[in-house]
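Trainee: The following block contains the structure, expressed as structure tokens.
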Amino acid sequence: MAEPLLSIDRLSSGYGDFQALFDIGFDLEEGAVLGLVGANGAGKTTLFKAIMGLLPRSEAMVRFRGRPVGAASPHELAALGIAMVPEGRRLFRSLSVEENLRIAADHGRRGPWNIREIYRLFPVLEEKRRMPALSLSGGQQQMVAIGRALVANPALVLFDELSLGLAPIVVNDVYATMPTILASGISAVIVEQDLERSRSVSDRLVCLREGRVVLQGDAADLTKHDLTAAYFGE
Ligand code: ATP
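When you line the sequence shown up against the UniProt record's numbering, it's residues 1 to 234, in that order.
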């Protein structure tokens, strides 16, 4: 059988003396979408930071295409093809939309995504291409953050809270681009507060509570009741 694209094995991490993650384990198959759910403070963002090398973890805890990468730097992981769309977007706020995309494209890998393709995916960004990122709406900034991850032509994108602070109609627009993104060959881990949305977009779901995996399985097999119970700890 082919190696999973991403394997997380007994991953523990935290902030100084505070342990936030305990023995996390799951696999993501190539081409699949894994939905990561859990209440505020469950450890979802911390897990992304640990995978990306922004928090302590050890070599064997993260494997990418079978290769241990738990000691790799964020820069090395980007070069291997892992990108993150962080919570809060973290754009260069005074640079234009196009400059934000250009920086990522210039430092990225070769592949199907370029700035023109990002404008095809999000036409409003072409209209706003000379505007500073800070002048855009929250939804448009989220589109820039997604575009910035895609133009680096990653194999795997970690999406953190795509819907945070956005109006429902904007959230729908952002999620409507997901099939195109996935069809380009990208695999994804998506943090999403909305359990039903997470279930509809994901092949597999992992539910975290208090830094531990409390439930995981195929999205089609997990009932709403199972998920809600795991999420709230009932
Ligand atoms: P949210 O939906 O609120 O983003 P989350 O599931 O992403 O929640 P984390 O932000 O990963 O949760 O937080 C997990 C735990 O780590 C919480 O107990 C939180 O208080 C703690 N934590 C998060 N960031 C830090 C930090 N920079 N320093 C210390 N503790 C932190």
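Backbone N, C-alpha and C define an ideal beta-carbon position, used for all residues, glycine too.
Using 10 angstroms around the beta-carbon of Asn172, count the other beta-carbons present and answer buried if the total reaches 16, otherwise exposed.
Mentor: Classification for Asn172: exposed.
Trainee: Cβ of Gly41 versus every heavy atom of the ligand ATP: is any distance shorter than 7 Å?
Mentor: Gly41 Cβ: within cutoff of the ligand ATP.
Trainee: If you draw a straight line from the alpha carbon of Phe232 to that of Arg67, how long is it in whole angstroms?
Mentor: If I take the Cα positions, the gap works out to 35 Å.
Trainee: For the alpha helix (DSSP H) that contains Val144, what are its first and last residues?
Mentor: Taken as a continuous stretch (DSSP letters only), the alpha helix (DSSP H) holding Val144 covers Gly138 to Leu150.
Trainee: If Ile186 and Phe159 are in contact, beta carbons under 8 Å, what's the gap, nearest whole angstrom?
Mentor: At roughly 10 Å, the Cβ-Cβ gap does not stay under 8 Å, so Ile186 and Phe159 are not in contact.
Trainee: What is the rounded straight-line gap between the Cα of Arg209 and the Cα of Gly14?
Mentor: About 15 Å.
Trainee: Please go through the region 100-124 and give each complete beta strand (DSSP E) segment of 3 or more residues, from N-terminal end onward.
Mentor: List check, beta strand (DSSP E) in window: nothing returned.
Trainee: Along the chain, which unbroken stretches of the beta strand (DSSP E) at least 3 residues long are found entirely within the region 70-97?
Mentor: Whole beta strand (DSSP E) segments, 3+ residues: 82-85.
Trainee: Would you give the residue range spanned by the beta strand (DSSP E) that Leu55 belongs to?
Mentor: Taken as a continuous stretch (DSSP letters only), Leu55 belongs to no beta strand (DSSP E), as it is neither H nor E.
Trainee: Give a yes or no on whether the minimum CB-CB distance between Leu54 and chain C is below 8 Å.
Mentor: The structure shown contains no chain C; it is built from a single protein chain.
Trainee: Quick check: the region 145-162 against the region 88-95, are there 3 or more CB pairs under 8 Å?
Mentor: Segments in contact, yes.
Trainee: Say yes only if the C-beta of Tyr15 is nearer than 7 Å to one or more non-hydrogen atoms of the ligand ATP, and no if none qualify.
Mentor: Yes, the Cβ of Tyr15 comes within 7 Å of a heavy atom of the ligand ATP.
Trainee: If you count every other CB in all the chains shown that lies within 10 Å of the CB of Ile169, and 16 or more means buried, which is it?
Mentor: Exposed, by the Cβ-count rule.
Trainee: Apply the 10 Å Cβ neighbour rule to Pro154 and answer buried if 16 or more other Cβ atoms are within range, or exposed otherwise.
Mentor: It counts as buried.
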